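**Student:**
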Ligand SMILES: [Zn+2]
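Numbering (the numbering used here), first residue to last: 1 to 392.
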């Protein structure tokens, strides 16, 4: 039996299978990052998950936030209901054509959107104890996965998604599977910290299992994540509703934060993207836009038409103004409407252009790669189904 080998004071284990190490001559780091993909704006969870499973931007599928002002009903509501969806999903189309499709999401808030008009398996780890054959296409998820229902604020909520995905690949072997985790860890822990490293090691372990089961795997993200606080650890917040009330008077402007969801511990509903509805005339709107743009920490202020064109958003579901803040700054409504008690570590969040860059990785070689393509995260299914090399 070959033994360990020591070379120049370092000991190396004998290989159990072939190891290949490649040195790419002159590979400046930017050659790798130039292959990065760009997510949809706003860089929030629902718009991007729906872009990935539909293959199109929010201007087509209609989901432009977790939360929005519904002009038809005149109320602010979560954008979780399939009635808000304006396009079919790739998952639904394949399932209707006879493919075996499975969707597992960490939070239940995404389940109905992702599973819209899809037959097959669709459940969340958050409500893994409440599945039924009729509603979710599967029974006894806890028994099959062998894990308890995780806390909604835990790394385990995402780990459950992966472990369940591996179990399903072993037992049901779906033709198409979409796994979507939650960003609780990324909100709490910066890259390179032990907590973040443990989380990515968990992902890695499970991707190895899926790879060993012979799956083509595409990995992407809905959005990135950045620190949004000063050196004192306090969040850099522009309370835009308070600011506009002071400038224009009360009830002249309504600020909507599409990041808003029931899970405040992550981010206190603070992100780098806001919508503003104004009761002002066009000239006053223009003046307000210029004033907001001049606030320190603001990246850009766009009109409805400009934002719809630039960010590929549905113009009937965004404000008169779209406000994006810079990397280290977030936008709030009124100070008293944000519960920051759950922020036990300095704020990390997303929503802006600074969180639009995400990875797009595949465990196969890619043929027919279009030149100079501006990759999007919602090219994931195109990449996995159309562009990877298939054995002839
Ligand atoms: Zn997210």
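We put the beta carbon where it would ideally sit given N, CA and C, even for glycine.
Since this is a predicted model, take the numbers as computed values, not measurements.
Are the beta-carbon atoms of residue 37 and residue 48 separated by less than 7 Å?
**Tutor:** No; because the gap between Cβ atoms is not below 7 Å, this pair is not in contact.
**Student:** Run through the DSSP bridge pairs and tell me what residue 178 is partnered with.
**Tutor:** 103, per the DSSP bridge assignment.
**Student:** Within its chain, find whatever has a CB closer than 7 Å to the CB of residue 230; leave out the 5 residues flanking it on each side and keep chain order.
**Tutor:** Around residue 230: 236.
**Student:** Does ligand 1 have even one heavy atom less than 6 Å from the beta-carbon of residue 45?
**Tutor:** Yes, Cβ of residue 45 sits closer than 6 Å to a heavy atom of ligand 1.
**Student:** Between residue 355 and residue 224, how many whole angstroms is the CB-CB distance? I'm expecting something under 8 Å.
**Tutor:** That belief holds up - the Cβ atoms of residue 355 and residue 224 are roughly 4 Å apart, short of 8 Å.
**Student:** How many angstroms separate the CA atom of residue 93 from the CA atom of residue 308?
**Tutor:** Roughly 27 Å separates the two Cα atoms.
**Student:** Measuring only the C-alpha atoms, how far is residue 151 from residue 141?
**Tutor:** Approximately 16 Å, taken between the alpha carbons.
**Student:** Short of 6 Å in beta carbon distance, which residues of its chain neighbour residue 376, apart from the five on each side in sequence? Order them along the chain.
**Tutor:** Cβ within range, chain order: 37, 38.
**Student:** Can you have a look at residue 286 and say buried or exposed, based on whether 16 or more other CB atoms are within 10 angstroms of its CB?
**Tutor:** Exposed, since its Cβ has fewer than 16 Cβ neighbours within 10 Å.
**Student:** So residue 322 is in the beta strand (DSSP E); what residue range does that whole segment cover?
**Tutor:** Run containing residue 322: 321 to 325, per the beta strand (DSSP E) assignment.
**Student:** Per DSSP, what kind of secondary structure is residue 229 in: helix, strand or coil?
**Tutor:** Three-state DSSP puts residue 229 in a strand.
**Student:** Rounded to the nearest angstrom, what separates residue 295 and residue 19 at their Cα positions?
**Tutor:** Using only the alpha carbons, I get a separation of about 54 Å.
**Student:** Apart from the five residues on each side of it in sequence, which residues of its chain come closer than 8 Å, Cβ to Cβ, to residue 171?
**Tutor:** The residues are 144.
**Student:** Does the distance between the C-beta of residue 183 and the nearest non-hydrogen atom of ligand 1 fall short of 6 Å?
**Tutor:** Yes, the Cβ of residue 183 comes within 6 Å of a heavy atom of ligand 1.
**Student:** Rounded to whole angstroms, what is the Cα-Cα separation between residue 206 and residue 178?
**Tutor:** Their Cα atoms are separated by approximately 14 Å.
**Student:** Hey, out of 314, 292, 346, 304, whose CA is closest to residue 325's CA?
**Tutor:** Comparing Cα-Cα distances from residue 325 to each of 314, 292, 346, 304, the minimum goes to 292.
**Student:** Taking the alpha helix (DSSP H) that residue 142 falls in, what are its first and last residues?
**Tutor:** Residues 141 to 145.
**Student:** Can you give me the Cβ contacts of residue 14 inside the same chain, cut-off strictly under 6 Å, excluding the 5 residues immediately before and after it?
**Tutor:** Excluding sequence neighbours, residue 14 sits near 2.
**Student:** Ends of the alpha helix (DSSP H) at residue 60?
**Tutor:** Its alpha helix (DSSP H) spans residues 58 to 61.
**Student:** Given the structure, does residue 108 come close to ligand 1, in the sense that its CB is under 6 Å from one of the ligand's heavy atoms?
**Tutor:** Not under cutoff, so the answer is no.
**Student:** Alpha carbon to alpha carbon, how far is residue 246 from residue 289?
**Tutor:** Cα-Cα distance, rounded: 15 Å.
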